[in-house]
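If you're matching them up, the sequences are chains A and B in order.
In case it helps, our numbering puts the first sequence at residues 1 to 348.
In case it helps, our numbering puts the second sequence at residues 1 to 348.
Every residue, glycine too, gets a C-beta built ideally from N, C-alpha and C.
There are 2 protein chains.
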Amino acid sequence: MEKQATIKDIARALQVSTSTVSRALRNANDVNPETRKAVLALAEELNYQPNQLALSLLNKHTHTIGVIVPNLDYVVAAMVKGIDEVALEAGYTVMVCQSNESYGREILNTRRLMDSLVDGFIISVSSETNMVDHFKKIQSQKKPIVVFDRIITELNAPKVRLDNELGGYLAAQHLIDQGYKRIAILAGQKNLDISNKRMDGYIRALKENNIKVDKDLIMQCDFNQDYAYVATKELLAMKKRPDAICTISDRMAIGAMLAIKEKKLRMPHDIGLVGFNNEPVTSLVTPMISSVEQPAFEMGKVTAKLFIEMMHGNTDLSETEIVLKPKLFVRESSQRLLYKSPSSTLTV
Amino acid sequence: MEKQATIKDIARALQVSTSTVSRALRNANDVNPETRKAVLALAEELNYQPNQLALSLLNKHTHTIGVIVPNLDYVVAAMVKGIDEVALEAGYTVMVCQSNESYGREILNTRRLMDSLVDGFIISVSSETNMVDHFKKIQSQKKPIVVFDRIITELNAPKVRLDNELGGYLAAQHLIDQGYKRIAILAGQKNLDISNKRMDGYIRALKENNIKVDKDLIMQCDFNQDYAYVATKELLAMKKRPDAICTISDRMAIGAMLAIKEKKLRMPHDIGLVGFNNEPVTSLVTPMISSVEQPAFEMGKVTAKLFIEMMHGNTDLSETEIVLKPKLFVRESSQRLLYKSPSSTLTV
DNA sequence: TTGTAAGCGTTATCAG
DNA sequence: CTGATAACGCTTACAA
């Protein structure tokens, strides 16, 4: 069982032509039962596996999907798992590459995957990405792209995303309902659609409730915990500090929480907090953090299904945009109405 | 720029043979400068990219590594990131597949990746895996395998792993140092080397300190939080309940913590707890959980390097086993000596 | 310096 | 029912 056996080996051993072997193997109808049996037996014995490379060269497809994601954080991992699930089922293998939030890395990844001749791409862009030339190049070569989660509007491709605007709205509206008046938001980078939309939702909630939008309460910072920590310290140092904070990720919420604890402010009494993603950690910290959940696994599945559909592609899906709904999970960090006093039930 | 341009297109356009084009493209020395210039210019214009499939078919390698992991949890994601880093640098693209802790899925993944003709494999086995036939099949076809993290001793392949025994030892010894007497352990499944080794370390620590090993205090349960929660409840219901618990993952530590809190026991006063992995969550919960750190990113890098070395493969590395050292991070959950009384400094 | 032809593993088309 | 032959895109002797 040294080198993989090929059709030729079988043909030679059986004194027939390669085409006969090929036919026998694929159960074509016009082959002598005797011959077929012999071929099948030998194939089994030699542990014959068709060389996919040769097939791909012939058929021009590899049954492989290139997935490019900015990182493999909790939510993204869940999305990837969803993609994986559906892809596997449909007979596709998935190549996952991380851009590490780097534009350059993303370009490199796309090139590498193109080289590997994936059949198409499923992409969530890096936070640095605001040009799409590298993706358009893919499309110009007729390879389908589906964009998900961090979509990029400039690209003409089917999209699957969360209703981020609604997510931001839900968070802010909830804080308003709880009686908070000066609500700040830790938004992400300016060029991320995902951040802007969540911020839009926040703004809409304020406006609908006739609360003036205060630019000073909008912090555009990096997605991560440390930046959020710093930004929150800034917010809390203001003369008129906010009495609630929306964030667009749980990681940022954690950063904010750390800054809040450092200031010895009590949640939800002195200040309210809402995260985003509904990671398990939100119900592990004290107080537990309210958070907007996105159906990550589901999103992955939907995206992969869309991709498969596109591959089979009769219909034009380029205008398709599937929007999934977020859901707010209310926990301690924002329920001011429930806890009038600094009750000890909050800290176990 | 419709279909990818091929060497033939260039040849036809320039009225030369494909071999000339091929040579010109690869800067072979025996080609007319004029011709070469023309070829290069046209290639550029047509955005010519060599078809890797054809090359692979010819050269029998794809510059692709198949990575199979049981899941994409925090630590694993970090390892994958490390692998990715090194692989990319070395010109390899990585195909990450999750087995979802399923033996069947793992087999499917290996077959798929073999079909995709990856050059070799980097593998961390599923918790269900105790047969290695599917891996031996790979090896019989001369594809290199490097096993990492969850290694499987039955397989004759280079291995990269944590000194799990030491990890377990560190945790238990620390608890002993803190004066805990009845130390339980939540170990993982029996067939996971990783679990057994950590348990061995725990046992060694007890023995070295002349503490009798009590079978009842050793719980073999699944890796996850819920099982750990249940197991801990059982432990705490014993007539002579343990006064400290070692776990082999932070997820399990969290499960244990939940059960402990439910019982209204105080950490570290009434009971000590140590986790494993040093995930960020350990310092976010109250009390903060001591945990054994493994250099995950580093492990990924080392593994990939070993793989690359194996590919270039002159030397026989099959006996190689690289062992990385864990490090204990001591936090509140186990520092009994520091906190004599149920001080409020523990809960913010 | 260039072209021809064979080969990588497979399938499809067309004769026989 | 079976066998040549060409083709997928590329490289590489070998010949010219």
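Subject >> Arg150/B to Glu128/B span [Cα, whole Å] >> reply: Spanning the alpha carbons of Arg150/B and Glu128/B requires a straight line of approximately 11 Å.
Subject >> Chain-ordered residues of the segment 274 to 302 of chain B with a beta carbon less than 7 Å from chain A >> reply: Residues passing the 7 Å Cβ filter: Val281, Leu284, Val285, Thr286.
**OP:** Could you spell out the range, first to last residue, of the beta strand (DSSP E) harbouring Glu293/A?
**Re:** Glu293/A -> beta strand (DSSP E) spans 290 to 293.
Original post:
Assuming Glu165/B and Gly201/B make a contact with CB atoms under 8 Å, what is their CB distance in whole Å?
Top reply: Their Cβ separation, rounded to whole angstroms, is 4 Å, which keeps Glu165/B and Gly201/B in contact under 8 Å.
Subject >> Three-state class that DSSP yields for Arg251/A in the structure shown >> reply: Looking at Arg251/A - three-state DSSP - the assignment turns out to be helix.
**OP:** Could you pull out every residue in the same chain whose Cβ sits closer than 6 Å to the Cβ of Gln294/A, ignoring the five residues on either side in sequence?
**Re:** Cβ within range, chain order: Leu162, Pro326.
**OP:** Please compile the residues from chain B whose C-beta is within a distance smaller than 7 Å of the C-beta of Thr35/A.
**Re:** What Thr35/A touches in chain B: nothing, since even the nearest Cβ is about 26 Å away.
Original post:
Is DSSP giving Gly300/B helix, strand or coil here?
Top reply: In the structure shown, Gly300/B sits in a helix (DSSP, three-state: H, G or I).
Subject >> Cα-Cα separation, Thr62/B to Asp119/B >> reply: Thr62/B and Asp119/B: Cα-Cα distance of roughly 6 Å.
Original post:
Are any of the Cβ atoms in chain A nearer than 7 Å to that of Arg150/B?
Top reply: Output row for Arg150/B: interface = no.
Subject >> Closest Cα partner of Leu297/B within the set Met79/B, Gln52/B, Gln173/B >> reply: In the sequence on display, residue 297/B carries Phe and not Leu. Taking Phe297/B as reference, the option from Met79/B, Gln52/B, Gln173/B with the minimal CA-CA separation is Met79/B.
**OP:** Taking the CB atoms as reference points, tell me whether Val160/A and Ile308/A lie closer together than 7 Å.
**Re:** No.
Original post:
What does Ile254/A reach in chain B if we use C-beta pairs closer than 7 Å?
Top reply: Residues of chain B with a Cβ closer than 7 Å to the Cβ of Ile254/A are, in chain order, Leu284.
Subject >> Short Cβ contact (7 Å threshold) for Phe121/B with Gly66/B >> reply: Yes, they are a contact pair.
Subject >> Any 3 or more C-beta pairs closer than 8 Å across the segment 139 to 158 of chain A and the segment 96 to 108 of chain B >> reply: Verdict: no, contact absent.
**OP:** Establish whether the CB of Thr345/A and some CB of chain B are separated by less than 7 Å.
**Re:** The pLDDT assigned to Thr345/A is 43, lower than 50, so where the model puts this residue is not dependable; a value taken from the coordinates is nonetheless given after this. No, no contact with chain B.
Original post:
If you measure from the beta carbon of Ser341/B to each beta carbon in chain A, is any gap under 7 Å?
Top reply: With a pLDDT of only 49 at Ser341/B, under the threshold of 50, the placement of this residue in the model should not be trusted, and no figure is reported.
**OP:** Decide if Pro342/A is buried, meaning its Cβ has at least 16 other Cβ atoms within 10 Å, or exposed.
**Re:** Residue placement at Pro342/A cannot be trusted, given a pLDDT of 46 that sits under 50; the coordinates are not used to answer.
Subject >> Where Arg331/B falls: helix, strand or coil (DSSP) >> reply: In the structure shown, Arg331/B sits in coil (DSSP, three-state: anything other than H, G, I, E or B).
Original post:
Just checking, does the segment 176 to 195 of chain B make contact with the segment 232 to 251 of chain B on the three C-beta pairs under 8 Å criterion?
Top reply: When Cβ pairs closer than 8 Å are counted between the two stretches, the segment 176 to 195 of chain B is seen to touch the segment 232 to 251 of chain B, the count reaching three or more.
Subject >> Span of the beta strand (DSSP E), counted from its first residue to its last, around Gln173/B >> reply: Counting along the chain, Gln173/B falls outside any beta strand (DSSP E), though it belongs to the alpha helix (DSSP H) covering 164 to 177.
Original post:
Counting only beta-carbon atoms, is Ser56/B nearer than 7 Å to chain A?
Top reply: Cβ-Cβ to chain A under 7 Å: yes for Ser56/B.
Original post:
Any idea which residues DSSP pairs Glu45/A with across the strands?
Top reply: DSSP, once it has assigned bridges, lists no residue as partnering Glu45/A.
Original post:
On the premise that Val230/A lies in contact with Ser290/A, defined as a C-beta separation below 8 Å, what is that separation, rounded to the nearest angstrom?
Top reply: Going by Cβ atoms, the distance from Ser290/A to Val230/A rounds to 22 Å, so no, they are not a contact pair.
Original post:
Given that a residue counts as buried once 16 or more other Cβ atoms are within 10 Å of its Cβ, and exposed if not, what is Lys305/A?
Top reply: It is buried - the Cβ of Lys305/A has at least 16 other Cβ atoms within 10 Å.
**OP:** Compare the C-alpha of Ala11/A against each of Asn27/A, Asn32/A, Leu42/A and name the closest.
**Re:** The residue with the shortest Cα to Cα distance from Ala11/A is Leu42/A.
**OP:** Kindly indicate if chain B contains any beta-carbon less than 7 Å away from that of Arg112/A.
**Re:** Closer than 7 Å to some Cβ of chain B, the Cβ of Arg112/A qualifies, so yes.
Original post:
Taking 7 Å as the CB-CB cut-off, is Met95/A touching chain B?
Top reply: With 7 Å as the cut-off, Met95/A counts as an interface residue toward chain B.
Subject >> CA nearest to the CA of Lys239/A, picked from Arg251/A, Ile254/A, Asp216/A >> reply: Answer by Cα proximity: Asp216/A.
**OP:** Consider the Cβ of Leu53/B: report whether some Cβ of chain A lies at a distance smaller than 7 Å.
**Re:** Judged by the 7 Å Cβ criterion, Leu53/B is in contact with chain A.
Original post:
Going by beta carbon distance, what residues of the same chain come within less than 7 Å of Ile203/A, once the five residues before and after it are set aside?
Top reply: Here the set comprises Val213.
Original post:
Is the segment 33 to 40 of chain B touching the segment 78 to 95 of chain B in the sense that three or more CB pairs, one from each, lie closer than 8 Å?
Top reply: The segment 78 to 95 of chain B is not in contact with the segment 33 to 40 of chain B.
Subject >> Start-to-end residues for the beta strand (DSSP E) that takes in Asn277/A >> reply: Asn277/A -> beta strand (DSSP E) spans 272 to 277.
Subject >> Short CB-CB distance (under 7 Å) between Leu72/B and chain A >> reply: Closer than 7 Å: yes.
Original post:
Just to confirm, are Ser334/B and Gln173/B a CB contact at a threshold of 7 Å?
Top reply: No, the Cβ-Cβ distance between Ser334/B and Gln173/B is not below 7 Å.
Original post:
Can the beta-carbon of Gly300/A be found closer than 7 Å to that of Gly82/A?
Top reply: In this structure, Gly82/A lies closer than 7 Å to Gly300/A by Cβ.
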